[in-house]
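Below: one structure, written as structure tokens.
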Amino acid sequence: MAKYDKKRIAELVDGTLEFYQLKEMMSDFKDPERFDLHLSVLQERVPWDDPILLPYGLHLYIVQKKNGDRIVKCDCGHEFCDYRENWKLEAKIFVRNTEELMNEIYPKLMSPDPEWQVIREYYCPGCATQLETEAVPPWYPILLDFEPDIDTFYKDWLKKPLPTA
Amino acid sequence: MNLAKVLNEIQQTKKPIGWDGKTLKEMRHEIDEISRETGHYAGLTKLPFKEADPIRFEKIYSKLRGGVVHARETAKKVAASPIVEQEGELCFSLYTPEADSIVTSTGIIIHVGTMGAAIKFMINNDYEDNPGINDKDIFCNNDNHVGNVHTCDVHTLVPIFWEGEVIGWAGGVTHVIDTGASAPGSMPMGPVQRYDDGYQVTCRKIGQNDVLSKDWLLESTRSVRAVKYWTLDEKTRIAGCHMIRDLVLDVVKEEGVDAYKQFIREIIEDGRRGFVNQSKTMLIPGKYRQASFVDVPFKDLDLPSFAKVDTILHTPSEITVHKDGKLKIDFEGSNRWGWHPFNATPVSITSGIWVMLSQTLVPNDRINDGAYYASEFGIPLGSWFNPDDLRSAHSNTWHALVAAWSPLWRGLSRAYYGRGYLEEINAGNAHTSNWLMGGGYDQYGQLSAMNSFETSSCGVGASAVQDGESHTAALWNPEGDMGDMEIWELLEPLVFLGRQILPGSGGAGKYRGGNGWQSLRLGWGAEEWTMFMAGSGVMATDGGLMGGYPAAAGYRFQANKTDIKDRIKNKQPIPLGGDTDPDNPVFETVMNAEAIHRDRQAVTTQEEFKDYDVIMNYLRGGPGFGDPLDRRPQDVEADLNEKYILLRYAEKVYGCVFTENNGTYAIDLNATEKKRKQIRKDRLNRSVSTKEWINHSRDNVVNMDAALQVRHMYAESFALSEKFTDEFKEFWNLPEEWMIYEEDLDVPLLGSRINRFKEKKERIKQ
């Protein structure tokens with residue numbers, strides 16, 4: 272069973288590991304300590320104190336608030352909504368739905384035809400980070416990508432108590 | 045009546061070939077029942093053999109696994125087709141008597157399920173009675189509706205007997221170059237019905253006593269183009285199956301038949317448990333939702349009128365990871381099958397998912413049906429991957445399959461991200477196309493066909509810790525290889541004018557998707573040759589992840605009746621690759637042609653292709669991960685200097701500013717920081733709150749303001765799924781009466797039978 276120290280996981284987060292190290296991590300049995308190590312690396316780096324329950328996406332976390340709420344929060348500090356709701360509905364959106372807007376990202380003919388498909392970009396209202404994109408036909412409902420069962424995850428899988436605020 | 049009775053009696057007097065006097069059908073039924081009742085494969089709540097003698101258990105496994113891989117590696121040398129011999133488009137698998145997979149070779153392991161489906165078909169149709177299943181028989185199948193992926197995947201199936209009982213089956217599959225379809229090549233465009241898909245063999249006994257029947261040899265070789273490749277592919281499959289049969293018999297001799305029988309049950313239950321363990325190790329319980337789309341731009345193609353429809357294949361998927369670690373993938377909301385060759389069977393989509401999972405969630409060599417027993421799939425009847433009509437065409441099913449699987453990577457990656465296994469994250473897979481196909485009389489004067497498997501080396505999706513690899517892999521075969529140009533030129537009457545990385549074809553991101561590339565081919569030496577291509581053109585089929593962009597969509601370039609012959613004679617420049625920016629095309633500047641096609645129509649049907657005609661093959665990139673503004677500036681600098689991106693996108697997308705000296709770019713860090721700040725400001729200025737956007741976009745939905753192909757896609761999904769309809773209407777807060785019906789769109793409705801609106805009307809009438 273592989274075992275890594277916090278430094279190695281911090282390097283993983285930073286994307287500074289060499290390929291042979293990554294290959295080793297991919298090929299080896301997974302290290303059960305990873306969740307805690309990764310969480311502690313991230314917790315140290317965010318500029319706020321709410322305990323992270325789950326890393327939810329690049330820059331996004333589900334955190335425990337003192338009042339018992341569990342909310343989706345950006346590392347800049349912007350708070351979106353309850354984790355069971357769709358954070359994208361609380362974000363800012365920009366839709367590439369013309370050839371001209373597509374051409375800002377892709378050379379001619381290499382973008383989707385906007386009549387068939389648009390690209391939606393979701394930004395954090397706090398730091399303007401592009402947190403998610405969607406490539407969908409017009410009208411497509413905005414999906415709630417991930418609905419984790421946090422209680423089962425901690426209680427039955429990790430077999431540990433949830434962090435408290 | 046009497047004759048039927050007599051025949052029936054004769055058949056019933058045949059001694060069953062299953063274990064303990066049972067028929068294979070009875071064994072199949074028993075396994076299904078007990079596995080369902082107990083939740084354990086074959087009811088094995090314990091693994092007594094493995095637990096009592098683990099070394100012997102693993103030794104048998106290693107022997108079988110090593111032998112099956114060895115069979116593949118050795119047998120493929122028999123083939124002459126570069127698709128098999130170079131690209132490795134073959135696979136061998138060993139099955140239980142009831143057709144559950146025990147162990148599989150490397151290669152196109154999607155066929156773990158498809159060959160199993162063929163054996164199950166034989167069992168369910170009482171082949172044991174007629175035509176009979178005997179020692180040293182050889183069976184062949186490539187029937188799509190039995191559960192094959194597409195017609196060109198031809199299966200050879202050989203029963204393995206021990207003292208009068210079937211103790212297993214060996215199966216081998218190769219991707220043949222041609223199947224005698226209405227157009228040449230292995231995945232032709234042109235078929236819109238099963239009867240256009242080519243020569244389909246439905247689990248037929250083609251040989252006895254290890255000898256192929258003469259009628260089979262004559263019929264099959266008269267039914268396809270590229271006969272020498274077909275013939276050698278068949279010898280490849282038979283050689284591999286016979287090697288596996290010998291291997292199993294050796295193991296039985298050494299270990300005893302009872303040990304072997306116990307082993308094959310336990311190894312599958314072990315695979316099931318292993319999958320559940322991996323799921324609990326790497327995933328997070330909950331629900332993951334995503335959707336994929338791929339274009340069917342058929343309106344202007346040379347096809348029957350009922351097939352000339354522009355539409356979109358829609359594949360939403362919801363992954364549920366249950367508390368007990370079991371997995372369910374539900375595709376409710378997917379739209380209808382149609383008159384195109386992109387339809388699929390349920391087995392091909394589910395079996396293909398194992399190809400994916402074996403590269404991520406279960407990255408070990410225990411690829412068997414154990415994982416299948418730990419999973420559940422929701423596959424709507426009438427959808428494009430479960431047609432309710434035997435007429436559906438499947439010749440190019442990968443067009444839709446690779447698109448449908450891509451979002452599943454993103455779903456699983458959200459779990460890996462949450463657990464901290466960043467090294468496993470993958471933003472998605474490239475749409476492995478274009479497929480460049482054709483046929484006619486080749487440069488040797490032989491009736492032949494081609495399908496360029498350069499698609500084996502597309503760009504890989506980015507991960508959370510590194511860029512996707514460029515021009516290197518395909519989802520469907522973990523051993524990507526673009527093949528040697530010299531070998532392709534030996535097979536195909538097309539000379540390579542160039543191969544070149546295509547900048548920006550991988551999706552942008554903090555980590556960018558692996559880039560795709562293009563190759564340019566010149567017609568040379570063929571007679572009466574036709575060409576066409578198949579790939580996604582008007583849509584990006586693989587979204588980015590967590591802020592990354594989708595990989596670029598495709599396009600086509602083709603020039604007919606060029607002046608290249610004269611240019612070569614006059615020593616003038618000709619196109620030699622290097623057309624890396626379609627905003628500033630160069631091919632046209634170094635040749636003239638009577639017809640030039642440079643557009644998004646990346647699926648085409650056969651057209652004559654002569655000497656000095658030119659066709660480009662564009663192999664796609666993979667999607668990106670994370671906000672491009674988070675990308676390390678020095679990585680953007682390297683991309684620019686290594687020509688993986690174009691300068692203007694280094695600035696616009698990545699917010700990086702450069703100075704240039706003799707063609708080498710150097711990052712200006714201060715200017716980059718300012719530029720990135722400005723882009724963030726611009727983002728906030730030109731975006732709106734999502735809720736506000738929903739409010740004003742709702743008018744477009746209410747007024748049905750969208751292209752016909754978009755409305756058609758929704759109408760088909762609405763007709764098949766109440767759940768999808770309700771969720772759609774709830775999201776846009778639409779009134780009760782709002783609905784799009786297929787009948788109102790003035791599109792052909794041939795074959796659109798399952799329709800919950802019609803069914804509802806009929807119920808009301810009654």
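As they're listed, the protein sequences go chains G and X.
Numbers 272 to 436, taken from this note's numbering, label the letters of the first sequence in order.
Numbers 45 to 810, taken from this note's numbering, label the letters of the second sequence in order.
Just so you know, even glycine gets a beta-carbon here, dropped at the ideal spot from N, CA and C.
Below-7 Å beta-carbon distance, residue i vs any chain G residue
| i | result |
| --- | --- |
| residue 727 (chain X) | yes |
| residue 113 (chain X) | no |
| residue 449 (chain X) | no |
| residue 105 (chain X) | no |
| residue 45 (chain X) | Low per-residue confidence applies at residue 45 (chain X): pLDDT is 49, beneath 50, and the placement is therefore not dependable, though the value from the model is reported in the following sentence. No, because no Cβ of chain G sits closer than 7 Å to the Cβ of residue 45 (chain X). |
| residue 737 (chain X) | yes |
| residue 682 (chain X) | no |
| residue 466 (chain X) | yes |
| residue 637 (chain X) | no |
| residue 444 (chain X) | no |
| residue 226 (chain X) | no |
| residue 404 (chain X) | no |
| residue 751 (chain X) | yes |
| residue 328 (chain X) | yes |
| residue 19 (chain X) | The shown model of chain X, from 45 to 810, leaves out residue 19 (chain X), and the question about it has no answer. |
| residue 594 (chain X) | yes |
Any C-beta of chain X under 7 Å from that of residue i
| i | result |
| --- | --- |
| residue 305 (chain G) | yes |
| residue 369 (chain G) | no |
| residue 424 (chain G) | yes |
| residue 376 (chain G) | yes |
| residue 394 (chain G) | yes |
| residue 381 (chain G) | yes |
| residue 320 (chain G) | no |
| residue 339 (chain G) | no |
| residue 399 (chain G) | yes |
Chain-order list of residues whose beta-carbon lies under 6 Å from that of residue i (same chain, five-residue window excluded)
| i | result |
| --- | --- |
| residue 760 (chain X) | 379, 380 |
| residue 382 (chain G) | 373 |
| residue 566 (chain X) | 539, 541, 658 |
| residue 329 (chain X) | 365, 367 |
| residue 224 (chain X) | 242, 243, 267, 268 |
| residue 758 (chain X) | 784 |
Spatial neighbours of residue i in its chain, beta-carbon cut-off 8 Å, leaving aside the 5 residues before and after
| i | result |
| --- | --- |
| residue 86 (chain X) | 75, 78, 79, 309, 312, 313 |
| residue 278 (chain G) | none |
| residue 414 (chain X) | 85, 311, 312, 313, 314, 315, 316, 317, 318, 319 |
| residue 66 (chain X) | 60, 74 |
Assigned exposure category for residue i - 16 Cβ within 10 Å defines buried
| i | result |
| --- | --- |
| residue 425 (chain X) | exposed |
| residue 434 (chain X) | exposed |
| residue 449 (chain X) | buried |
| residue 439 (chain X) | buried |
| residue 740 (chain X) | exposed |
| residue 575 (chain X) | buried |
| residue 454 (chain X) | buried |
| residue 319 (chain G) | exposed |
| residue 399 (chain X) | buried |
Whole-Å CB distance - residue i paired with residue j, under 8 Å assumed
| i | j | result |
| --- | --- | --- |
| residue 216 (chain X) | residue 134 (chain X) | 7 Å |
| residue 478 (chain X) | residue 577 (chain X) | 5 Å |
| residue 527 (chain X) | residue 768 (chain X) | Rounded, the Cβ-Cβ distance is 41 Å, inconsistent with contact. |
Residues near residue i by beta carbon distance below 7 Å, same chain, minus five either side
| i | result |
| --- | --- |
| residue 561 (chain X) | 515, 543, 544, 545, 546, 663 |
| residue 431 (chain G) | 425 |
| residue 91 (chain X) | 310, 313, 314 |
| residue 799 (chain X) | 763 |
>> Give the list of continuous beta strand (DSSP E) stretches no shorter than 3 residues that lie fully inside the stretch 355 to 440 of chain X.
In response: Those beta strand (DSSP E) runs which fall completely within the stretch 355 to 440 of chain X and span 3+ residues are 371 to 374, 419 to 422.
> What residues from the stretch 341 to 353 of chain G come within 7 Å of chain C, judged by C-beta to C-beta, listed N to C?
Replying inline: Looking at the structure shown, chain C is missing, and the protein chains on hand are G and X.
> In chain order, which continuous runs of the beta strand (DSSP E) of length 3 or greater are located wholly inside the stretch 660 to 705 of chain X?
Replying inline: Counting only runs of 3+ residues, the beta strand (DSSP E) found wholly inside the stretch 660 to 705 of chain X occupies 702 to 705, in chain order.
>> Quick check on the DSSP output: what are the complete alpha helix (DSSP H) runs of length 4 or more inside the stretch 274 to 362 of chain X, in order along the chain?
In response: Taking 4 residues as the minimum length, the alpha helix (DSSP H) runs contained wholly in the stretch 274 to 362 of chain X are 301 to 326, in order along the chain.
> If you scan the stretch 612 to 658 of chain X from start to end, which runs of the alpha helix (DSSP H) of 4 or more residues do you find wholly inside it?
Replying inline: The stretch 612 to 658 of chain X contains no whole alpha helix (DSSP H) run of 4 or more residues.
> Which runs of the alpha helix (DSSP H), 4 residues or longer, sit entirely within the stretch 348 to 390 of chain G?
Replying inline: Complete alpha helix (DSSP H) runs here, min 4: 370 to 374.
> Fully enclosed by the stretch 240 to 271 of chain X, which alpha helix (DSSP H) runs are 4 residues long or longer?
Replying inline: The alpha helix (DSSP H) runs of length 4 or more contained entirely in the stretch 240 to 271 of chain X are, from start to end of the chain, 258 to 265.
> Which runs of the beta strand (DSSP E), 3 residues or longer, sit entirely within the stretch 171 to 252 of chain X?
Replying inline: If we require 3 residues or more, the beta strand (DSSP E) runs fully inside the stretch 171 to 252 of chain X come out as 182 to 185, 197 to 206, 209 to 219, 248 to 252.
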